[in-house]
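Undergrad:
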Amino acid sequence: MHYPNKDVRLHFWKISRVQIGDNSEAAMGMHVIDDSDNEKCQLIIGKNVSIAAGATFVCCSEPSFSVNLKEISYVKENLIKKSTITIGDDTWIGANTTILPGVKIGKFCIIGAGSIVTKDVDDFSIAVGVPAKVIRKLKLTSSNKMYNYE
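Numbering (my numbering), first residue to last: 3 to 152.
1) Using 8 Å as the threshold, is the C-beta distance between Val123 and Ile107 below it?
2) By a C-beta neighbour count over all protein chains shown, 10 Å radius and 16 as the cutoff for buried, is Cys43 buried or exposed?
3) Among Ser52, Val34, Phe59, which has the Cα closest to the Cα of Ile118?
4) Within 10 angstroms of the Cβ of Val34, are there 16 or more other Cβ atoms? Answer buried if so, exposed if not.
5) What's the call for Val69, buried or exposed, on a 16-neighbour Cβ count within 10 Å?
6) When you compare the CB positions of Lys83 and Ser63, do they come within less than 8 Å of one another, or not?
7) Just to confirm my understanding: we take Gly116, look at its own chain, exclude 5 residues before and 5 after, and list those with CB closer than 6 Å. What are they?
8) Against chain B, does Asp91 count as a neighbour if the rule is that its beta carbon must be under 8 Å from one of theirs?
9) Is it true that the CB of Pro103 sits closer than 8 Å to the CB of Ser85?
10) Who are the Cβ neighbours of Lys121 in its own chain at under 8 Å, not counting the five residues just before and after it?
11) Can you tell me the Cα-Cα spacing of Ile22 and Thr88, whole angstroms?
12) Determine, using beta carbons only, whether Asp24 and Cys61 come nearer to each other than 8 Å.
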């Protein structure tokens, strides 16, 4: 199997409204569901971010064009979501994680494998589960610059 090199992937991400910070990496199988015609549907990835295989970023959530559901007012007003997802610097996104529209994940966060992130996650947090919940905060110790659990 042939995988495109980094330059090809970066070009694809640019046309898909993905911004990726320096020294950030995404494993094969990362998915971005967006609407290239809508400026609200972006994925902004900070610096030093690690994204594991199978992570899915849903910037745009709506029925396909062949489905008339999106014409129903309740669906249109409450269920169709199109919004930017932001991932802060120095964050690790676990394998097979799904992040929904409009979510902001802070700096120095860990999102556990298989989690579905439906709400914002504050800086220095570990969030896991379906839906993802913060289970622990990380703390910077000034003496050794290491991150420890509180």
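Think of the CB as a built atom: it goes at the ideal place given N, C-alpha and C, for glycine as much as any other residue.
TA: This is what the structure gives:
1) Result yes, Cβ atoms of Val123 and Ile107 sit closer than 8 Å.
2) If you draw a 10 Å sphere on the C-beta of Cys43, you find 16 or more other C-beta atoms in it, and that means buried.
3) If you compare the alpha carbons of Ser52, Val34, Phe59 with that of Ile118, the shortest gap goes to Phe59.
4) Here Val34 is buried, its C-beta having at least 16 other C-beta atoms within 10 Å.
5) Counting Cβ neighbours within 10 Å, Val69 comes out exposed, since fewer than 16 surround it.
6) Against a cut-off of 8 Å, the Cβ pair of Ser63 and Lys83 comes out as a contact.
7) Cβ neighbours of Gly116 beyond the five flanking positions: Asn98.
8) Any reference to chain B falls outside this structure, which holds one protein chain only.
9) Yes, these two residues count as a Cβ contact at 8 Å.
10) Counting only Cβ-Cβ distances below 8 Å, and skipping sequence neighbours, we find Val105, Pro133, Ala134.
11) Ile22 and Thr88: Cα-Cα distance of roughly 10 Å.
12) Against a cut-off of 8 Å, the Cβ pair of Cys61 and Asp24 comes out as no contact.
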